[in-house]
Amino acid sequence: MPLTIKDLFVHGLWVIRLIVAILCGCLIGYERSNRNKGAGVRTHAILALGSALVMLISKYGFLDVGNIDGSRIAAQIVSGVGFLGAGVIFVRNGNVSGLTTAAGLWATSGVGMCIGAGMYDMGITTTLLLIGLQILFHKGFFLKLTQNSQSMHMEIYYEEYALKDIHFVFKKCGIDIYSMKIENLKNKYMYIEMEISASQNFQKECLLNEMMKKTYFKKLNYC
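So this is what it looks like as structure tokens:
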């Protein structure tokens, strides 16, 4: 049966919903990728798109069939995303990481469902709230307010003595390390995210010069 102009208009609105869901997913994923998390822009965008698509199918895919509860399909998104979230949770040396990203994926699926259902205001508002929460409640935020703390990100080549040596160099430069999060990268490289507090006479150039002498050092970002 050929599509009417009304059908094309309705389908066009559905496509717009999918695009808006992708944009919301990209915004959430961008914040995660900036923190070097495993689930970044692509994962969040695809998750939001898939959730919006399934929501559209659940809401409009069975209009020509009687006695069918389409909402049961949408309900499976919530449980299905749980398996995806479990894939970004890691336990290393007794420390659990990835819980925030997993929760963000679950919330992103909710954003996609909102957009797919046509609830643009709720979906976009949730996107902004989610990004704000991830930034505001990142553990380094309150340290910066109360203890003049800063974030430092570093990439090094794996050496057994590297972490002990980093503590020594930082102490030498007048820097206290409040927390340290380590992730293994490819080719035996390690990504280190630290919350630090530096003395008033601290000079970034001094630390950089000291680290440049180390054979394991690759890259340093300070903010």
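Number 152 in the UniProt record's numbering belongs to position 152 of the sequence shown; there are no gaps in the numbering. Every residue, glycine too, gets a C-beta built ideally from N, C-alpha and C. A quick note: this is a predicted structure, and the numbers were derived from the prediction, not measured.
Is it buried or exposed, residue i, if we count other Cβ atoms within 10 angstroms and call 16 or more buried?
{"i": "Gly94", "result": "For Gly94, the predicted structure reports a pLDDT of 49, less than 50, and the residue's modelled location is therefore unreliable. The matter cannot be settled from this model."}
{"i": "Val178", "result": "Looking at the sequence shown, residue 178 is not Val but Tyr. That one is exposed."}
{"i": "Phe9", "result": "exposed"}
{"i": "Phe217", "result": "buried"}
{"i": "His167", "result": "exposed"}
{"i": "Leu63", "result": "exposed"}
{"i": "Met212", "result": "exposed"}
{"i": "Ile175", "result": "buried"}
May I ask which residues mark the beginning and end of the beta strand (DSSP E) holding residue i?
{"i": "Ile73", "result": "Premise fails: Ile73 lies in the alpha helix (DSSP H), Ser71 to Ala86, not in any beta strand (DSSP E)."}
Whose CA, out of the options, lies closest to the CA of residue i?
{"i": "Asp121", "options": "Gly12, Ala21 and Val15", "result": "Ala21"}
{"i": "Gly12", "options": "Ala45, Gly118 and Val169", "result": "Gly118"}
{"i": "Ala74", "options": "Met113, Gly104 and Leu49", "result": "Met113"}
{"i": "residue 226", "options": "Met194, Ala198 and Lys6", "result": "This structure cannot speak to residue 226, because the chain is shown only from 1 to 223."}
{"i": "Leu208", "options": "Leu133, Tyr189 and Glu155", "result": "Glu155"}
{"i": "Tyr161", "options": "Thr215, Gln76, Phe83 and Leu27", "result": "Thr215"}
{"i": "Ser197", "options": "Tyr30, Met180 and Lys6", "result": "Met180"}
{"i": "Cys26", "options": "His44, Ile16, Phe62 and Lys37", "result": "His44"}
{"i": "Arg17", "options": "Ala102, Val54, Gly87 and Lys172", "result": "Val54"}
What did DSSP end up calling residue i once you bin it into helix, strand or coil?
{"i": "Leu47", "result": "helix"}
{"i": "Gln134", "result": "helix"}
{"i": "Phe217", "result": "strand"}
{"i": "Met113", "result": "helix"}
{"i": "residue 230", "result": "Residue 230 cannot be examined here, being either before or after the span of the chain that is shown, 1 to 223."}
{"i": "Ile192", "result": "strand"}
{"i": "Ala198", "result": "strand"}
{"i": "Ile156", "result": "strand"}
Which residue comes first and which comes last in the alpha helix (DSSP H) that contains residue i?
{"i": "Lys181", "result": "From DSSP, Lys181 is part of no alpha helix (DSSP H) but of the beta strand (DSSP E) over Ile175 to Asn184."}
{"i": "Leu27", "result": "Ile5 to Asn34"}
{"i": "Glu210", "result": "Lys204 to Met212"}
{"i": "Leu163", "result": "Ala162 to Lys172"}
For a quick check, are the C-beta atoms of residue i and residue j less than 8 Å apart?
{"i": "Ala52", "j": "Ile115", "result": "yes"}
{"i": "Phe206", "j": "Gly123", "result": "Residue 206 is actually Cys in this sequence, not Phe. Not a contact, by the Cβ cut-off of 8 Å."}
{"i": "Gly50", "j": "Arg42", "result": "no"}
{"i": "Tyr158", "j": "Tyr189", "result": "yes"}
{"i": "Leu47", "j": "Thr100", "result": "no"}
{"i": "Leu105", "j": "Ala39", "result": "yes"}
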